[in-house]
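Single-structure report; data block below.
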Amino acid sequence: MQYGYFDDDAREYVITRPDTPYPWINYLGSEEFFGLFSNTSGGYCFYRDARMLRLTRYRYNNAPADSGGRYFYLRDNNASGSVCECNAGTADIWSPSWMPMKSKLDRYECRHGMGYSRIFSSRNGLAFSQVSFVPLRDTCEIHKITLTNESNVDKNVDMFSFVEFCLWNANDDMTNFQRNFSIGEVEVEQLADTSRIYHKTEYRERRSHYAVWAVNVPVAGFDTDRQAFLGLYNGFDHPETVFKGEANNSVASGWAPVGSHHIKAKLSPGEAKTFVFVLGYCENPQDQKWERQNVINKKPANILMDKYGSPEAANKALAALNKYWEDLLKRFTVEADDKKMARMAGVWNQYQCMVTFNMSRSASYFESGIGRGMGFRDSNQDLLGFVHLVPERARSRILDIAATQFPDGSAYHQYQPLTKRGNNEIGSGFNDDPLWLICGVAAYIKETGDYGILDEKVPFDNDDKLADTLFVHLKRSFDFTVKNKGPHGLPLIGRADWNDCLNLNCFSSTPGESFQTTANYESGVAESVLIAAIFAFTGPDYVEICRRTNRNDEAEYAEKQISIITEAVNQHGWDGDWFVRAYDAYGKKIGSRECEDGKIFIESNGFAVMAGIGIEDGRAAKALDSVKEHLDTKYGIVLLQPAYKDYHLELGEVSSYPPGYKENAGIFCHNNPWVTIAETRLGRGNRAFETYTKICPAYREDDSDLRRMEPYVYAQMVAGKDAPRHGEAKNSWLTGTAAWTFVSISQYILGVRPVFDGLLVDPCIPSNMKGFTVTRHFRGADYRITVDNSAGVEKGIKSVTVDGIAHAGNVLPVFGDGKTHDVVVIMNA
Ligand code: GLC
Ligand code: GLC
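Throughout the sequence shown, residue numbering follows my numbering, covering 8 to 836 in sequence.
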């Protein structure tokens with residue numbers, strides 16, 4: 008069943024009932040200030056770092072789900088129909104966003120768009136509309152609320168806003184109650200045209216920032232103490248104050264500071280009133296913190312309200328945000344008969360790539376914002392789907408990531424977004440990490456032609472004294488693999504490779520011990536075929552970079568190393584029908600027919616074929632056929648088979664999951680596009696497209712009861728065939744699936760791929776796809792590429808014309824002239 012539909016013209020997903028199978032969320036914010044926003048107005052916001060600078064509280068894993076948000080309670084004192092089940096006399100009290108009261112609504116609609124969301128609802132002749140967004144380059148959420156009297160009687164309405172403040176450090180906020188219950192502080196300000204609540208906990212000491220929750224009208228009252236507003240034993244669904252109909256003017260001191268405005272609105276029939284709420288982060292210079300003793304300097308809050316505190320100003324800011332997204336998405340557009348593919352590739356997949364670029368794996372409805380920072384490998388891969396959108400931001404991200412690399416080429420597995428420093432708790436030792444830097448930098452150079460980035464001086468281990476050029480970083484990455492090989496000449500795996508859960512030196516038998524940071528048996532022997540394949544895939548880009556910057560000796564050396572590793576894969580990485588996955592600490596194969604469980608894995612097969620290994624002698628086709636035979640399901644390709652039934656000390660976390668979940672034979676969507684890309688290398692467009700569509704959420708929209716996650720974004724995992732709820736997705740939004748599926752559809756299926764010399768066009772599509780049009784912004788010009796497949800082939804090009812003139816080959820030149828160039832490609836085998 009469906010819970011909504013795509014409005015393609017508006018680039019919105021429209022949710023038509025609030026009780027979705029899981030909260031279906033959106034992200035507000037573009038660069039520094041972000042909000043998570045669910046279809047029932049749940050979620051929270053933060054400035055730059057979801058752990059350290061969290062403005063509002065959110066209760067993860069709570070019952071009911073999705074507890075905490077920007078809530079508006081309505082008390083309609085002149086309801087024309089039946090009034091609420093609650094004990095409020097004739098007044099009708101309800102939640103216009105459905106949660107937290109789960110109010111029955113006469114009308115409900117939530118529209119998630121590009122960086123904004125809208126909620127419309129109505130009940131008993133009172134209509135509510137909310138539009139929520141973060142204005143470009145600013146540090147606040149705007150919630151514009153309009154109440155409309157759709158009845159034919161006068162209405163007296165009380166509206167109560169509600170947010171619950173987080174005491175900034177989200178981890179501490181959930182654990183350190185002995186301190187926290189005594190430190191909460193607020194200020195309240197009521198002026199003629201605005202009413203503001205300031206959350207200033209810890210401002211008296213080392214913080215120089217506070218939060219403001221403001222509305223552009225005078226209020227009838229306010230509350231800032233949670234207990235006063237809700238009542239100690241009430242949930243968000245029964246706020247005592249709203250039922251009483253009158254705010255308490257409570258001023259929080261310790262306990263739990265909240266922000267609630269009580270607004271009285273008189274509405275004659277047909278009349279509408281609009282209110283602009285601003286929830287902002289404000290920072291003062293250290294020496295200008297105070298206006299006078301104990302009174303915070305309100306200047307930054309004044310600036311925010313001056314800028315956004317009117318409906319006209321809010322509309323203008325929203326229009327600017329809309330324009331920003333319109334321009335961004337013009338950089339890659341798709342027209343095709345297959346609407347699902349077109350909307351995903353042209354809009355939603357790119358949107359998700361922006362979100363993963365911004366968030367890495369930090370804050371979603373599955374990532375608490377506390378645990379994981381930016382991942383070295385994750386962020387490098389996220390770049391792949393983002394670099395065409397804002398190359399300048401990709402550039403500075405690359406430099407930040409590289410600065411956390413160690414002098415020997417290895418890398419901190421994660422770093423903190425605020426400090427940009429490597430995370431000591433996780434440390435390093437994931438031996439695939441260094442190679443992703445080459446992959447990210449190559450993608451950036453192919454997109455922009457900016458070889459200058461290679462000369463940037465970048466610290467090692469965040470130490471300026473150790474700084475060297477980015478090129479040297481790449482060399483250290485490359486050499487790290489060369490210098491760290493095991494007995495079969497394959498790269499040592501270290502703590503794990505891309506598969507965080509293949510912990511071959513961990514040997515953990517202690518409950519709770521981290522699989523990722525423990526090495527109880529440093530074998531110095533466990534090897535990864537996947538890392539070898541990644542090396543063989545990205546190595547040639549390193550060679551090209553060397554050639555194009557006149558480092559010919561280095562290029563020759565690198566080529567030699569690539570062939571040595573490729574040879575090791577041929578010798579020790581082939582199992583007869585597919586590629587082996589790894590060798591464990593005893594030198595035994597993983598991902599081989601010799602194994603009882605885990606006979607075949609997806610990763611080494613996808614990546615080896617992507618790297619071109621075995622294409623000439625037929626092993627590549629055999630490997631992909633084996634993947635299809637053993638791993639493919641209706642909902643995508645599972646990571647391995649057979650699932651591990653028991654925990655294996657020598658394998659680590661992969662065998663810790665129940666069969667069918669996560670890395671233990673779940674459909675780990677991230678690596679499905681590797682198989683898609685691999686299929687295109689063999690020219691098998693039908694198969695490539697099939698693997699693409701199986702995990703693509705838009706194709707499963709009418710299956711939402713099983714899939715449960717948002718139909719407009721990819722999820723990290725879908726339960727595999729060994730799991731009871733095969734087909735159920737989890738962990739939507741923050742996943743490398745976003746970048747890789749975008750690469751697979753845009754660069755390999757539709758085949759419009761930046762290469763060092765220009766824009767390559769090499770489609771590999773299903774034979775029944777008649778053709779398509781892609782517009783692509785590339786190095787300062789626009790290419791309008793129309794592909795004609797009336798021949799009904801899967802791959803192969805008969806002719807290319809550029810601006811009406813026959814063009815030799817299929818690499819389009821770099822024009823850089825700010826113009827649009829018409830390209831026509833006729834396919835034929
Ligand atoms: C998660 C991690 C990623 C890892 C993958 C497989 O998505 O963020 O780094 O590669 O899991 O374990
Ligand atoms: C990745 C894996 C997950 C594992 C985690 C550890 O996210 O997907 O299974 O628990 O890494 O950091």
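A virtual CB, placed ideally from N, CA and C, is assigned to each residue, including glycine. Computed from a predicted structure; not experimentally measured.
Practice task
Please indicate yes or no: does the CB of T411 lie closer than 7 Å to some heavy atom of ligand 1?
Solution key: no
Exercise for the section: Could you check which residue in I569, A272, Y642, Y721 has the C-alpha nearest to that of K492? Expected result: I569
Problem - A343 versus G778: straight-line alpha-carbon distance, rounded - result: 7 Å
Problem - Classification of D709 by the beta-carbon crowding that lies within 10 angstroms, buried from 16 upward - result: exposed
Practice task
Would you kindly work out how many angstroms separate the C-alpha atoms of N431 and A418, rounded to a whole number?
Solution key: 11 Å
Practice task
Under 7 Å from any heavy atom of ligand 1, by CB: list those residues in chain order, please.
Solution key: R368, G382, R384, D385, W505, N506, D507, C508, E670, F675, H677, Q723, T742, G743
Problem - Reduced DSSP secondary structure (H/G/I, E/B, other) of R554 - result: helix
Handout entry: For L154 and P276, the rounded distance between their alpha carbons
Key = 12 Å
Problem - 8 Å Cβ cutoff met for Y205 and V193 - result: yes
Exercise for the section: Establish whether the CB of N69 and some CB of chain B are separated by less than 8 Å. Expected result: Checking the listed chains, one finds no chain B in this structure; it contains a single protein chain.
Handout entry: Span separating the alpha-carbon of F167 from that of A746
Key = 41 Å
Handout entry: Distance, L425 Cα to E247 Cα
Key = 39 Å
Problem - Under 8 Å between C-beta atoms of V809 and R786 - result: no
Handout entry: Alpha carbon of W297 to alpha carbon of V160, nearest angstrom
Key = 49 Å
Handout entry: Residues near T556 in its chain [Cβ-Cβ closer than 8 Å; skip 5 each side]
Key = Y458, L461, F478
Handout entry: Rounded distance between the beta-carbons of A259 and V2, thought under 8 Å
Key = Residue 2 lies beyond the stretch modelled for the chain, which goes from 8 to 836, so this question has no answer here.
Exercise for the section: Pick helix, strand or coil for F413, following the three-state DSSP scheme. Expected result: coil
Practice task
Classify W220 as helix, strand or coil using the three-state DSSP reduction.
Solution key: strand
Practice task
Kindly indicate which three-state DSSP category G508 falls into: helix, strand or coil?
Solution key: Note that residue 508 is Cys in the sequence shown, not Gly. The answer is coil: DSSP assigns C508 none of H, G, I, E or B.
Handout entry: V258, DSSP secondary structure in three states
Key = coil
Problem - Cβ shell of F608 (< 7 Å), same chain only, five flanking positions each side left out - result: R588, G598, L646, L647
Problem - Cutoff 6 Å; reference Q754; Cβ partners in own chain excluding five residues on either side - result: R760
Practice task
Count the other CB atoms, across all protein chains shown, that sit within 10 Å of the CB of G816; report buried if there are 16 or more and exposed otherwise.
Solution key: exposed
Practice task
Have a look at T687, W355, M312 and flag the residue whose alpha-carbon is nearest the alpha-carbon of W332.
Solution key: W355
Exercise for the section: Taking only heavy atoms of ligand 3 into account, decide whether any of them is closer than 7 Å to the Cβ of A199. Expected result: Of the ligands one can find in the structure shown, namely ligand 1 and ligand 2, none is ligand 3.
Problem - Delimiting residues of the beta strand (DSSP E) encompassing K737 - result: 736 to 739
Problem - Buried/exposed call for M617, threshold 16 Cβ in 10 Å - result: buried
Exercise for the section: Return helix, strand or coil for F749, following the three-state DSSP convention. Expected result: helix
Handout entry: Rounded separation between W581 and R24 - CA only
Key = 51 Å
Problem - Coil, strand or helix - I126 by DSSP - result: strand
Practice task
From the DSSP output, in three-state form, read off F393 for me.
Solution key: coil
Handout entry: Alpha carbon of F544 to alpha carbon of S535, nearest angstrom
Key = 14 Å
Exercise for the section: Go ahead and pull the three-state DSSP assignment for F184. Expected result: helix
Problem - Cβ contact (3+ pairs, closer than 8 Å) linking the segment 501 to 516 and the segment 643 to 663 - result: yes
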